[in-house]
Amino acid sequence: MRQYSGEKLCRKCFAESIEEKVRVTIGKYKMFEVDDKIAVAVSGGKDSLSLLHILARIEKDFPKSSTCAITVDEGISGYRDEAVRIAAKNCARLGVEQTTVSFKELYEYTMDEIVGKTQDGKLTPCAYCGVLRRKALNIAGRKAGADKIATAHTLDDEIQTFFLNVIHGDPLRIARSGPKYDQAETGFVQRVKPFCEVLERESALYAYVKDIPFQEIPCPYSREALRNDVRHTLNRLERKHPGMKYTIYSSMVKIREAMKGTVEEITLKTCEDCGEPTAGTLCQACIMVRGLRDT
Ligand code: SF4
Ligand code: ZN
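Under the working numbering, residues 1263 to 1557 are what the sequence shown spells out, in order.
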């Protein structure tokens, strides 16, 4: 894995080194077919917009493939509305078609309304948001006719999730994650993570050197998330021991490989309420929405 360790590169060479890193990752994990329609999950933040710009560039080398963008509007006032505008601006600049879905249209509630209804503190806003957004992306991916959904999870996100799975006592999830989810035939649009070996700071720097406009303010609900604490801890460790994030990532990959075959495959059914794939009778999103209606 090529590391970017602050070596002195000009803007052009730095941008090319990140693009090359993404190409190598895509090839290593065989993420795409030459004729795929790739839907990039674009939130309006630096990571997803850097990924959109890079994939739109790479796609030009594969005339049979195409790139589009899917955006989920969770309904977070003063935050997501601006991000959606920035995402649309970037799509227009790149000539990329954008499909937007909102929590309000899919689930009757905006994220702000959900937070207003769930002040008991049993689940954090991010716990709701993560489940509902995952389903929304799948719906948007199908609506856009995509073969793959590319998300901008960076190496930082991957190792944070690794630690969160351990912290939550759910280590088997480690085996079920990865740069490419083999779920194409299950009702899920297959997901890939071309940024899984790109550091968050590299993705941010890419956006700066390429003059990509992105939303800089954080989500108002992110402070409550445990992920935020893990993120700060890992950043502190990396500052003190440079290269540690790569070491953790490599360990995570080895653990995942070692766990493969030991974890039972989940047989997916169809949610009785919405028809989306699920392991139970109802999908997690429908269970949450039912709970919201009852509060
Ligand atoms: Fe959703 Fe949490 Fe991210 Fe905000 S920080 S957009 S609530 S997952
Ligand atoms: Zn459902």
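Heads up, the beta-carbon is just placed ideally off N, CA and C, and yes, glycines get one too.
The structure displayed is predicted, hence computed values, not measured ones.
Nearest Cα to Ala1331 within the set Val1393, Lys1405 and His1503: Lys1405.
Fewer than three beta-carbon pairs drawn from the region 1387 to 1400 and the region 1460 to 1478 are found closer than 8 Å, and the two stretches are therefore not classed as touching. Boundaries of the beta strand (DSSP E) harbouring Lys1410: Lys1410 to Ala1412, taken from the DSSP string.
The alpha-carbon of Thr1509 is positioned some 36 Å away from that of Met1373. Taking 8 Å as the upper bound for CB-CB distance, Pro1441 and Lys1455 are in contact here, some 5 Å apart. When the alpha-carbon of Gly1307 is set against those of Arg1396, Val1377, Ile1288 and Ala1414, the nearest one is in Ala1414. Proximity of the beta carbon of Leu1394 to the ligand ZN is not indicated: no heavy atom of the ligand is located closer than 7 Å. Assignment of Lys1299 by DSSP, reduced to helix, strand and coil, places it in the strand class.
For Leu1314 and Lys1326, the gap between their C-alpha atoms comes out near 18 Å.
Nearest to His1430 by alpha-carbon distance, out of Leu1488, Glu1519 and Ser1328, is Leu1488. Tyr1511 places its beta carbon less than 8 Å from that of Leu1417. With a threshold of 16 other beta carbon atoms within 10 Å, Thr1361 meets it and is buried. The straight-line gap separating the alpha-carbon atoms of Ala1402 and Phe1365 is approximately 11 Å.
Nearest to Arg1395 by alpha-carbon distance, out of Ile1338, Gly1505, Lys1299 and Pro1504, is Ile1338.
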